[in-house]
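Numbering-wise (this note's numbering), the sequence shown opens with residue 1 and increments by one. Here the structure comes first, spelled out in structure tokens, and everything after it is commentary.
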Amino acid sequence: MDDKNVKDRRLMEVLNIIKLPEFIALKKMLNSEMEEDNNVGIENIKNLELDPLYILLLVKQCNVHIRNKVLEKFDSYIFCDPKFTNFKKEVSRYWGNNTQVVNVSWENLYNTITSYYNDDENAKKIFNTMFTAEVQVAVKEVIDYSFLDTINIKVKW
1 MDDKNVKDRR
11 LMEVLNIIKL
21 PEFIALKKML
31 NSEMEEDNNV
41 GIENIKNLEL
51 DPLYILLLVK
61 QCNVHIRNKV
71 LEKFDSYIFC
81 DPKFTNFKKE
91 VSRYWGNNTQ
101 VVNVSWENLY
111 NTITSYYNDD
121 ENAKKIFNTM
131 FTAEVQVAVK
141 EVIDYSFLDT
151 INIKVKW
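Right, dumping it as structure tokens:
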């Protein structure tokens, strides 16, 4: 193995990066209807010691139950890092009690990647893939042009 490959592999190990195929497999586990698969997915997140950004990208497209379960399990791990404080917001309720919510919006993810992960091509690729897929589905739900084959989106990094 040449020096560049060794260096790239070490960098990936240090950053706890996950590649797109593994990310997709883990996302499928978390989105499964089987509770066992969900639990295995959550354990895999723990065992991989993923960077908090990747955990937030994973929960972005999970159902509310799994999203809350993952965020609760990794709350102190994710939000002890100042890079992710913008994801937690204090929301006032009408009856006087405030509550904290986690806002895993595309904007928050994009801003975090451009501010702190600008050299992480895997994070950008995962973001692009997920964002493009969501926009394509949203557009196709609104309009039905039979000649529309694909929608190409290029995120400005």
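Where is the CB? At the ideal position from N, CA and C, for every residue including glycine. As the structure is a computational prediction, the values presented were derived from the model and not from experiment.
Report, in whole angstroms, the separation of the C-beta atoms of residue i and residue j, which I expect to be a contact under 8 Å.
| i | j | result |
| --- | --- | --- |
| Ile17 | Asp51 | 7 Å |
| Ile109 | Leu30 | Here residue 109 turns out to be Leu, not Ile, going by the sequence shown. With 8 Å as the limit, Leu109 and Leu30 do not qualify as a contact, their Cβ atoms being about 17 Å apart. |
| Leu53 | Thr112 | 6 Å |
| Val102 | Lys88 | 6 Å |
Please report the straight-line C-alpha distance between residue i and residue j, rounded to a whole angstrom.
| i | j | result |
| --- | --- | --- |
| Leu58 | Ile45 | 10 Å |
| Leu48 | Tyr145 | 43 Å |
| Val70 | Asn86 | 18 Å |
| Glu141 | Val135 | 10 Å |
| Ile126 | Cys80 | 23 Å |
| Thr129 | Glu43 | 24 Å |
| Ser105 | Ala138 | 16 Å |
| Met12 | Pro82 | Unreliable placement is indicated for Met12, whose pLDDT of 44 sits below 50; the coordinate value is still reported in the next sentence. Computed Cα separation, rounded: 22 Å. |
| Gln100 | Phe147 | 45 Å |
| Asn118 | Glu36 | 35 Å |
| Leu20 | Asp120 | 12 Å |
| Gln61 | Thr132 | 13 Å |
| Asn152 | Asn122 | 19 Å |
| Glu33 | His65 | 11 Å |
Quick one: grab the DSSP three-state call for residue i.
| i | result |
| --- | --- |
| Val135 | helix |
| Asn98 | strand |
| Asn152 | coil |
| Glu113 | It should be pointed out that residue 113 corresponds to Ile in this sequence rather than to Glu. In this structure, Ile113 counts as helix in the three-state DSSP scheme. |
| Trp106 | helix |
| Lys7 | Interpretation of Lys7 is limited by its pLDDT of 43, a score under 50 that renders its predicted location unreliable; no figure is taken from the coordinates. |
| Phe147 | coil |
| Asn128 | helix |
| Asn122 | helix |
Quiz item: Unbroken alpha helix (DSSP H) runs of length 4 or more, entirely within the segment 18-46: which are they?
Solution: 20-30
Quiz item: For the segment 42-93, which segments carrying the alpha helix (DSSP H) assignment without a break, of at least 4 residues, lie completely within its bounds, in sequence order?
Solution: 52-60, 64-73 and 75-79
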